[in-house]
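Those letters in the sequence shown? Residues 1 to 812, by the UniProt record's numbering. We put the CB at the ideal spot given by N, CA and C, even for glycine.
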Amino acid sequence: MNNFPLGNETLVECIDPHSHHLHHDIWHLGNPLQNHSALFLLQWSLIGIVSKCIDLCLKPLGQCSIVSQILGGVIFGPSILGQKKELSDSLFPEDGSVMTDTIAAFGIMYFFFIAGVKMDPFTLMRTERKGITIGLSVFISTSVISSTLAFIMAKYVPMDKSLAKCLPLIATSQSVTAFVVITIFLRELKILNTDLGRLAMSVALFADVIGFVFHANLIPLMMHIKAGHHPIKRLIGQLLSTATLFVAIIFGVRPLIKRILRHSTKPINDTFISSILVSVLIIGLITEYIGLNYVAGPLLLGLAMPEGPPLGTALMRKMETLSFGFFYPSYLAATGLHINIFEVNMKSLWIVCIIVVSAALVKICAVLTTGYYHNVAMKKCFVMGLVINARGIVEISLFNVWKAKKLVTDQEFSLAVLSIVVVNAILTPLIKCIYDPSRQYYYSMNRSSMQHSKRESELRIMVCIHKDDNIPAIMNLLEASCGSEENTNQIIALALVELSGRSRPILLTHQPHETANPFSAKSTQIHNALWQYVYQHRGYTKIQSFTSISNYDTMHDDVCQIALDKSANILIMPFHKHWEIDGSVGIINRAIQRVNVKVLEKSPCSVGILIDRGGFGSSLISVSSDRPVYHVVMFFIGGADDAEALAYCSRMCLHQHVKVKIIWFLEFGSENSVDRKRDGDLINGYRRANRGNKRFGIIEEVIRDGEEMLSIMRKMKDNFELVMVGRDHSESGLLEGLEDWSECKELGVVGDMLASQDFETKASVLVVQQQRLARKLVKHKKVSSMPNPSVHEFPFDDADDLQIPRSESWTV
């Protein structure tokens, strides 16, 4: 028998000392569920399966994961299956809850530690003024109004005595705006990289700091008042101990770890990581001794860890999946196990609903008011007000602490947790319905494609770079794009870096030859190489450099936003496959492929997927060099994407070291088709525009099927360094049957053939998609098509003299 002191009471647990010698397996005719370890494994297996099934059912309704994870615990709790005593005693007996709660508490410490590692406390000093103003107004207004309303209702509205005592606590909890919760919520909504997401994180970060200080001292104060102790004396001691711990961790532990990392010449080893993970348990114990909750210490320790590489990334690699994939949902499910809806009466439910709804409205009004003062769009303010009303694991851990300290009863605890479920269940689909950041890309009404731009106008090319290997091919493409005094180029360079070891995405602007910073040492080298290229072509080439450090899931938002802001004509994305020297496929990065697909879906300008197979990127070409001519071939079948690729080729041929050949595939027997006539008008227009230019030529090939087309392509594969093709094409019998063999749908039918390993060539491939207006990408069918028209017009100033029809259009 063990005695555990719990406040003024003692928990007595009786244990059979011989129980661990008993055989509980089926081969000894025992009951495996009598073994605590086997019972624990069964409990979490069932909860995990049920939670995942609920999540799959709720995903189509736009629900976030926290709803399904809590409901998974509620199903096995006293609210539903717990009503059957036999089932409850078998699966979730009272003595089995000790291990469940212990593992959940253990896991939540590491979850908050990892969450702290991903946060940079010093970004608070760099928070923009409107983020500070909005965060401060949200916290103060919600705290004051909600608490005042709670005290008034507790005094004048008839209710249970327990609810009357707890109502002010529930009201103050509504002022919590947790950075961790908002980050997870924004990530699930996939708006973390948007302007709204960044502002919401700034607001949450500042409000979270204030709320942490407030609530960390509120619980001990309430405990002292409840116990009859002198509150002022205890509060002063609590504040001093909290401040001492904070100073010791942030200004003692953090500099010590940074010094160790600075003087260490070896990579971070497992021993160092293990010692940090053990210190999480120690700091949790210390915070319990000084009166704080055990999760406060690990969170502070996580904040003391330098974010990003090398330590932050190493900790993420070791613990992130376990923390966010197991500890996080386990804690939420364990909370759901303690919810009992039968303890709640309807009158109490309505009272708590009034507090929750009023606090939500106050938050929205506070954001609208301060946002209007800072000239933030009202729609953005309204959506941000909804976002910061999101509730999550921080509030749940707060309610669990109150329940453990007996500051709330089972009824108030159930009401508080269920309010989180209901609020998130309403907010998530509502925000998805009214806010879609990609709409500004879909409905951009500015024609910026190369086909619809004047030939002599400045060409704004945006290039995205994932790694150093992308640079040679991209620089050659920029060079071939013919920057000159008459045809200037504006380069928008964006280095894409995966977010690792931090939770907040970063968008950086670079200056020429700047020193590497800790956020983007690798990308700084990339940008310096591009700056060197621009310096060699000064006078007719300009550059703007950026770095996006974000998750691959939301990386496309930065890409599309910059392309929109800078009015790019075309956006170049590297392909997700890397070819080795011998022509075999090496590294395949599926995350980059997903980024490319999303960019194709949402881009506000034309897009080119550059497949570097070694030929075009093996050496750098130069305007002033005496190198041999670089040969570019474009396979023209028809359609808006082919028209865009043709316009790009027409500009390339102005380069004195680039020779362009257009292969126009004509289907036998389609001489009188409307598409054939439109293609003929377009091709003839480019012939006349390039009359006298020996570096531009068009060859017509009359063929009957795709097999003949592929045969011609194979014969030409070794004669060119770059192959260009449109992504989608107009309806043609030449493509029938070929789409069934496509592996990479983002390249289209022909582009996928040219990029396949079976098509042996050293030539690189550029697959072009023309800018789409007010559309979404559709899956490839037998004939690739788009629902919106793309005007098939000739971009040159003398187009009227050439009598190219402007009124006709392609359906793409």
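Own chain, CB closer than 6 Å to residue i, minus 5 neighbours either side, in chain order
i, result
"Val421", "Val67, Ile70"
"Gly748", "Arg727, Asp728"
"Tyr435", "Val383"
"Ser371", "One point to set straight first is that residue 371 is Gly, not Ser, in the sequence displayed. Correct list, in chain order: Cys381."
"Val362", "Ser141, Thr142, Ile145"
"Lys661", "Val633, Gly697"
"Thr554", "Lys190, Leu192, Asn193"
"Asn293", "Val401"
"Asp798", "Residue confidence for Asp798 is low, a pLDDT of 38 falling below 50, so the modelled location carries little weight; the figure read from the coordinates is stated next. Correct list: empty, nothing qualifies."
"Ala377", "none"
Own chain partners of residue i with C-beta closer than 8 Å, once the 5 adjacent residues on each side are dropped
i, result
"Lys779", "Legend: pLDDT at Lys779 = 38, less than 50; position of this residue unreliable, value from coordinates given subsequently. Contacts found: Lys745."
"Glu580", "Gly586"
"Leu58", "Val67, Ser68"
"Ser624", "Its pLDDT being 46, under 50, Ser624 is placed unreliably in this model, and the value from its coordinates should be taken loosely. No residues qualify anywhere along the chain."
Residue j beta carbon less than 7 Å from that of residue i
i, j, result
"Val295", "Ser173", "no"
"Phe696", "Ala763", "no"
"Leu571", "Ser603", "yes"
"Met652", "Val632", "yes"
"His466", "Leu496", "yes"
"Thr194", "Asp557", "yes"
"Ile609", "Val725", "no"
"Gly706", "Asp675", "no"
"Gly77", "Ile339", "yes"
"Gly297", "Thr287", "yes"
"Ser348", "Leu167", "no"
"Val138", "Ala207", "yes"
"Met450", "Tyr686", "no"
"Gln771", "Ser606", "yes"
"Gly733", "Glu644", "no"
"Leu268", "Ala304", "Residue identity check: residue 268 is Ile in the sequence provided, not Leu. Cβ atoms of Ile268 and Ala304: not closer than 7 Å."
"Ile663", "Ile699", "yes"
"Ser147", "Ala178", "no"
"Leu654", "Cys482", "yes"
Cross-strand partners of residue i (DSSP beta bridge)
i, result
"Ile506", "Ile549"
"Pro574", "Leu610"
"Tyr372", "DSSP, once it has assigned bridges, lists no residue as partnering Tyr372."
"Thr428", "Answer is none; Thr428 lacks a bridge partner."
"Val497", "Ile549"
"Arg460", "Gln490"
"Met634", "Ile662, Met724"
"Lys118", "Lys118 pairs with nothing; no bridge assigned."
"Gln544", "Ile492"
"Trp579", "Val585"
"Ile465", "Ala495"
"Gln769", "Val607"
"Ser141", "Paired residue(s): none; Ser141 is not in a bridge."
Whole-Å CB distance - residue i paired with residue j, under 8 Å assumed
i, j, result
"Ile182", "Ala390", "6 Å"
"Val394", "Val117", "Val394 to Val117, Cβ: 16 Å. No contact."
"Val344", "Gln411", "5 Å"
"Trp44", "Ser323", "Actually they are not in contact, since the Cβ atoms of Trp44 and Ser323 sit about 16 Å apart, beyond 8 Å."
"Leu478", "Ile506", "Not a contact, Cβ separation roughly 26 Å."
"Phe575", "Leu494", "No, Phe575 and Leu494 are not in contact; Cβ-Cβ is about 16 Å, not under 8 Å."
"Val750", "Phe635", "6 Å"
"Leu245", "Ile273", "At roughly 23 Å, the Cβ-Cβ gap does not stay under 8 Å, so Leu245 and Ile273 are not in contact."
"Asn528", "Ser448", "Not really, about 28 Å apart at Cβ, beyond 8 Å."
"Leu386", "Leu430", "6 Å"
Cutoff 7 Å; reference residue i; Cβ partners in own chain excluding five residues on either side
i, result
"Gly72", "Ile47, Val50, Ser51, Ile54, Ala333, Gly336"
"Leu777", "Here Leu777 scores only 41 on pLDDT, less than 50, and its place in the model is too uncertain to base an answer on."
"Ala591", "Tyr552"
"Lys432", "Gly62, Leu189"
"Glu486", "Glu456"
"Ala425", "Gln63, Val67"
For the segment 157 to 198, list the beta strand (DSSP E) runs that are entirely contained and at least 3 residues long, ordered along the chain. none
Enumerate, from N- to C-terminal direction, the unbroken alpha helix (DSSP H) stretches of 4 or more residues contained entirely within the segment 668 to 728. 674 to 689, 706 to 716
My parser needs the beta strand (DSSP E) runs of 3 or more residues fully inside the segment 302 to 364; what are they? none
If we require 4 or more residues per run, which alpha helix (DSSP H) segments fall completely within the segment 56 to 84? 65 to 76
Fully enclosed by the segment 379 to 409, which alpha helix (DSSP H) runs are 4 residues long or longer? 393 to 404
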